[in-house]
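Numbering (my numbering), first residue to last: 4 to 241.
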Ligand code: UDP
């Protein structure tokens, strides 16, 4: 499958049309942004890692009952995916307090929740992705009640599967962001990516951060952290 016209260039990926109207090619870049695009940089090798990691995790999720957009890995940075209309909701699941949750509610990072939480924000860069609840999403007609129910069910299932998977790698899944899309026949499937750009991943023993927070917070060792998390994933899926 060959790349056709470029449809879109985002912060971390480019998207191309293909000969098949139901398939797209996503191409992962090394570019990184944070704080709604205010901080920009590159993380060398990130595109390759995020592409491969996301594909392997989506393959795993498919076997556990979560439909995804993944079709075929074409090269180190390029993947064939099903074309969807992205539901404009960022779906965030948290197992442990961190990031904006800690800031918003004035709690330290690292508090383990008795049960995972879910939250939605409106995917809208101009507005800075504001937090919203189910009723707001319905009022704005971002999704139907049934679609929201499906998204919640899949998001919690993704959490169960990935928590267990990462735990086997000596990694704690702190929180993550998912995006869902709607296929031409109206089905909700998992889209976008699952990577250290979109998940907080801490070494289970040392609590060392192995994700994009190293970039956001200028902690150094960003490339090494991405390489280490990929090494552990490869080891587990050998
Ligand atoms: N996240 C993301 N994209 C966003 C916002 C958040 O992938 O635009 C991920 C982030 O990497 C983390 C989780 O969602 O794993 C929760 O992020 P949080 O709401 O704490 O926001 P942040 O502190 O990253 O601004």
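We put the beta carbon where it would ideally sit given N, CA and C, even for glycine.
- Distances from the CB of residue 102 to the heavy atoms of ligand 1 include at least one below 6 angstroms.
- With respect to the C-alpha of residue 79, the residue from 136, 48, 179 and 27 having the closest C-alpha is 48.
- If you check the C-beta of residue 95 against ligand 1, you find a heavy atom less than 6 angstroms away.
- In this model, residue 9 and residue 81 are separated by some 13 angstroms (Cα to Cα).
- Under the three-pair Cβ rule at 8 angstroms, the region 157-166 counts as touching the region 88-103.
- Taking non-hydrogen atoms of ligand 1 into account, the C-beta of residue 203 is found less than 6 angstroms away from one of them.
- Residue range 202-206 is occupied by the beta strand (DSSP E) that includes residue 203, with no alpha helix (DSSP H) assigned at that position.
- A heavy atom of ligand 1 is found nearer than 6 angstroms to the CB of residue 180.
- According to the DSSP assignment, residue 194 belongs to the beta strand (DSSP E) that extends over 191-194.
- DSSP places residue 103 in the uninterrupted alpha helix (DSSP H) bounded by 102-108.
- Cβ neighbours of residue 172 within its own chain (closer than 6 angstroms, five residues either side excluded): 235 and 239.
- Rounded to whole angstroms, the gap between the alpha carbons of residue 182 and residue 151 is 12 angstroms.
- Where residue 98 is concerned, the enclosing beta strand (DSSP E) starts and stops at 92-99.
- Within the DSSP bridge table, the entry for residue 85 names 26 as partners.
- Using a C-beta cut-off of 8 angstroms, the region 183-199 makes contact with the region 57-73, since at least three inter-stretch Cβ pairs fall below that distance.
- Scanning its chain for C-beta atoms nearer than 8 angstroms, with the 5 sequence neighbours on each side dropped, one finds around residue 55 the residues 76, 79 and 233, in chain order.
- Rounded to whole angstroms, residue 225 and residue 42 show a C-alpha spacing of 15 angstroms.
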